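Heads up: the structure comes next, in structure tokens.
Numbering (this note's numbering), first residue to last: 114 to 212.
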């Protein structure tokens with residue numbers, strides 16, 4: 114930063130819009146990370162410790178384990194779509210924080 118920029122405005126940390134952006138982004142990151150990790154590690158945990166549940170036939174010869182494994186792929190796409198939508202909001206908040 115140049116000296117003139119430092120003197121012309123308050124540091125971004127003191128900016129209320131910047132603080133709101135950081136708080137919302139951190140909350141979103143924690144929620145998405147915990148959700149992903151729980152769902153991701155639930156598959157091997159259930160496969161190892163609850164074989165009867167994973168072997169339960171849902172329809173035809175398709176078991177719950179296969180449905181859950183496929184759901185993890187869907188979860189990845191859904192979480193990516195949620196991230197894209199939230200990133201747009203974060204971009205708007207970043208614009209507000211710069212003004």
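In this text, a Cβ means the ideal position worked out from N, Cα and C, and glycines have one as well. Note that this is a predicted model, so its numbers are computed, not measured.
Quick one: Cα of residue i to Cα of residue j, how far?
i, j, result
"residue 198", "residue 147", "19 Å"
"residue 118", "residue 195", "Unreliable positioning characterises residue 118 in this predicted model, as indicated by a pLDDT of 46, which lies under 50. A coordinate reading is not provided."
"residue 136", "residue 206", "11 Å"
"residue 187", "residue 164", "23 Å"
"residue 114", "residue 127", "At residue 114 the pLDDT is 45, less than 50, meaning the model places this residue with poor confidence; the figure from the coordinates comes in the next sentence. Using only the alpha carbons, I get a separation of about 16 Å."
"residue 175", "residue 169", "8 Å"
"residue 142", "residue 208", "20 Å"
"residue 132", "residue 212", "14 Å"
"residue 244", "residue 138", "Within the shown structure, residues of the chain are numbered from 114 to 212, placing residue 244 beyond reach of any answer."
Which residues mark the beginning and the end of the alpha helix (DSSP H) in which residue i is found?
i, result
"residue 200", "177–211"
"residue 133", "129–162"
Tell me, which residues are paired with residue i by DSSP?
i, result
"residue 172", "175"
Would you mind giving the Cβ-Cβ distance between residue i and residue j, rounded to the nearest angstrom? I have them listed as a contact below 8 Å.
i, j, result
"residue 134", "residue 210", "5 Å"
"residue 166", "residue 182", "Between residue 182 and residue 166 the Cβ distance is about 13 Å, and since that is not below 8 Å, they are no contact."
"residue 160", "residue 178", "6 Å"
Taking the alpha-carbon of residue i as reference, which of the options has the nearest alpha-carbon?
i, options, result
"residue 191", "152, 140 and 138", "152"
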